[in-house]
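When you number the sequence shown by the UniProt record's numbering, it's gap-free, plus one each residue, and the end is 339. The C-beta atom is built at its ideal place from N, Cα and C for all residues, glycine as well.
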Amino acid sequence: MAPPSPKEFIEAALVAATTPYALSYTDSKQKWVILRHLLSLLQEFPGFKPSTGRFMHNDGTEVNLLRATGCVHVANSTTPTIPLVIWLHENYPQKAPLVFVSLHAMTPIHPHHPFVDNTTGATSPPYILTWKYPPCNLSELLRNLVQLFSIDHPFSYTLTTPACLTHPWLVSTKEALDRLVGMLHYDMVALRVSTSDEIEKLSLLQEELKRRDRFITSMVAELGEERMRLEERVKNWAEETDRVENWLRVNDGRSIMDLNARDVEIEDAFEMDETSRARLESSAADLAIEEVMYKLDKALEHEAVSFDSYIKQVRSLAREQFFHRCNYEMASTSSPTSV
């Protein structure tokens with residue numbers, strides 16, 4: 001038994017309304033338009049075959065729809081043919097058909113194609129996005145896809161420019177719109193890539209600026225602490241200076257400016273009675289003689305002086321030291337503060 005013709009198959013599928021596989025088209029006028037459009041498509045593109053199947057929408061709804069499956073070949077191209085599946089929406093022709101490029105591992109769809117999703121194969125050319133019936137139909141849609149794919153093949157990233165596009169007066173409005181949409185899409189892709197690179201560079205710059213901000217903040221904090229320490233030291237020195245100046249004003253009748261001008265000895269800045277002065281002078285002379293005798297010992301050890309000269313000097317110094325120590329003891333005994 002010979003298989004049914006495409007017309008017989010479509011008519012039988014549209015008529016069968018009681019089986020579990022009944023199509024989701026309910027209106028008789030709708031079915032007549034579907035039959036006419038499908039037959040026109042199959043007549044112009046005989047490589048397509050009609051069939052039925054279950055289709056799941058993005059919201060999870062499942063419907064039984066007619067579909068046309070076949071391949072289109074782009075003229076003057078060495079790229080492989082493009083397998084397409086055209087599903088007729090349950091509200092066709094008021095709703096645009098759903099067109100998919102069949103996915104195959106050997107012929108992946110290149111990324112960033114303006115009209116074909118490389119993950120699902122769904123096509124969205126301006127013809128479908130601006131679908132309005134009438135005048136839109138299946139045959140014109142497929143011709144439009146062939147024209148688009150001749151400019152930008154889904155399996156090849158190389159753009160081609162047909163000769164007619166070099167003459168704007170020979171280009172239809174739809175072709176110009178398709179070309180413009182494709183060019184804008186690639187411009188947006190390039191802009192997105194450059195923007196992404198710029199964002200990445202700015203992110204790195206932001207991290208570097210944050211690092212510098214943390215460093216500068218820590219440096220400012222350390223300098224602030226150092227400033228506080230210096231201010232505290234200045235305050236302490238100022239207090240010490242005030243105390244010394246006040247003491248000098250109270251205990252010395254002479255001007256501090258005279259003291260700064262070196263008009264007086266530094267010892268005169270301190271209060272001292274005659275007994276204390278005598279003790280201080282005797283003690284200083286005693287220590288000085290002790291130092292001289294130590295140096296004479298070293299000189300004798302290194303044979304820098306003769307023994308006779310050493311004995312003579314030591315005797316003289318010892319005698320003088322004895323008198324200074326006696327004066328110190330006498331001053332200490334006569335001092336009212338001595339114990």
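- In this chain, the beta strand (DSSP E) harbouring L66 covers 62-72.
- In this structure the stretch 36-43 does not touch the stretch 108-118; the number of beta carbon pairs closer than 8 Å is below three.
- Nearest neighbour of V72 by Cα position, chosen from E274, S102, E62, turns out to be S102.
- Nearest C-alpha to R325 among T107, A68, E281: E281.
- Between the C-alpha atoms of L287 and K312 there is a straight-line separation of about 19 Å.
- When the beta-carbon positions are compared, E90 and Y133 stay at least 8 Å from each other.
- Residue range 138-151 is occupied by the alpha helix (DSSP H) that includes L141.
- P50 sits in a strand when the DSSP states are folded into three classes.
- DSSP places W32 in the helix class (H, G or I) of the three-state scheme.
- Inter-residue distance for T217 and L230 is about 20 Å (C-alpha atoms, whole angstroms).
- DSSP links V101 through a beta bridge to L84.
- Remark: C-beta atoms of T79 and F155 approach each other more closely than 8 Å.
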